[in-house]
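Numbering (our numbering), first residue to last: 620 to 920.
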């Protein structure tokens with residue numbers, strides 16, 4: 620993490636309150652567990668005179684820009700606008716404003732992976748006893764379950780999940796069930812599509828070959844790095860290196876087994892491994908089969 624403050628390397632807590640399960644209360648603080656890495660941003664400018672383009676809050680009725688204190692919140696209802704004041708918002712019942720109340724404990728597999736949202740580290744509150752925190756963390760670890768909760772962040776209540784990781788509690792907000800869209804209407808293969816066991820085994824072999832020596836932590840934002848180099852080159856008058864052109868999309872596979880065998884050989888070659896004789900032969904067979912497939916296509920036409 621690059622953010623620093625008097626509160627520590629994670630910055631100031633985004634929420635303070637207590638986790639409650641039954642009659643047990645744990646005073647805690649939440650800290651954002653992720654951040655967007657910094658880098659240059661391409662802002663908008665007037666191309667002719669390089670004047671920056673601004674977005675301003677303008678009142679259509681009075682044809683003028685408004686000051687922040689003049690702006691209220693509301694919603695169109697019945698042909699008019701209902702304005703909601705700060706007092707109105709404060710009067711709304713929000714029991715989770717300072718409390719993360721555990722509703723139940725469930726198997727994590729029951730959580731729809733599409734619903735996962737923002738993660739937060741759960742730190743122990745100031746002068747809070749450690750034992751209730753440790754008790755909840757170890758109970759979660761021993762059960763293999765996660766806690767379903769609700770929390771109010773930025774004046775909005777969210778469903779959330781508490782889980783344990785290496786002795787630390789992690790809270791992650793999740794979408795409400797009605798916020799996850801249904802896949803109905805999306806074209807997908809039918810259940811009658813046949814895939815042979817040997818093809819699955821070859822696909823798994825390709826997966827293992829592609830994953831050998833892979834380090835997820837070594838991944839980096841190559842687009843951002845290229846943008847930094849581009850700006851540096853244009854500022855200093857240097858040469859602008861053009862990135863490699865993306866590979867053209869390949870035609871649909873005709874012989875799936877041959878394509879899998881060729882892919883394994885290619886993956887091993889990239890890692891400096893010499894393909895086995897059987898795989899080399901498969902690549903040759905693929906090369907020989909390709910023209911035949913084209914000829915049969917022409918005959919069928």
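Cβ atoms here follow ideal geometry from the backbone N, Cα and C, with glycine treated the same way.
For a cut-off of 8 Å, the C-beta gap from residue 887 to residue 821 is around 14 Å, too long to register as a contact. Residue pairing of residue 768 in beta bridges, as defined by DSSP: 779.
Secondary structure of residue 824 (DSSP, three-state): helix.
The beta carbon of residue 730 sits closer than 8 Å to those of 765, 780, 793, all from its chain and outside the five residues before and after it, given in chain order.
About 28 Å separates the CB atoms of residue 837 and residue 788; that is not less than 8 Å, and the two are not in contact. By DSSP's assignment, residue 735 forms a beta bridge with 793.
Annotation: the continuous beta strand (DSSP E) that includes residue 720 extends over 718-720. The Cβ atoms of residue 786 and residue 647 do not sit closer than 8 Å to each other. A direct Cα-Cα distance of roughly 19 Å separates residue 761 from residue 638. If you draw a straight line from the Cα of residue 783 to the Cα of residue 752, it comes to about 11 Å. Distance from the Cα of residue 796 is smallest, within the candidate group 848, 806, 735, 814, for 735. Going by DSSP, residue 649 is part of the beta strand (DSSP E) stretching over 643-651.
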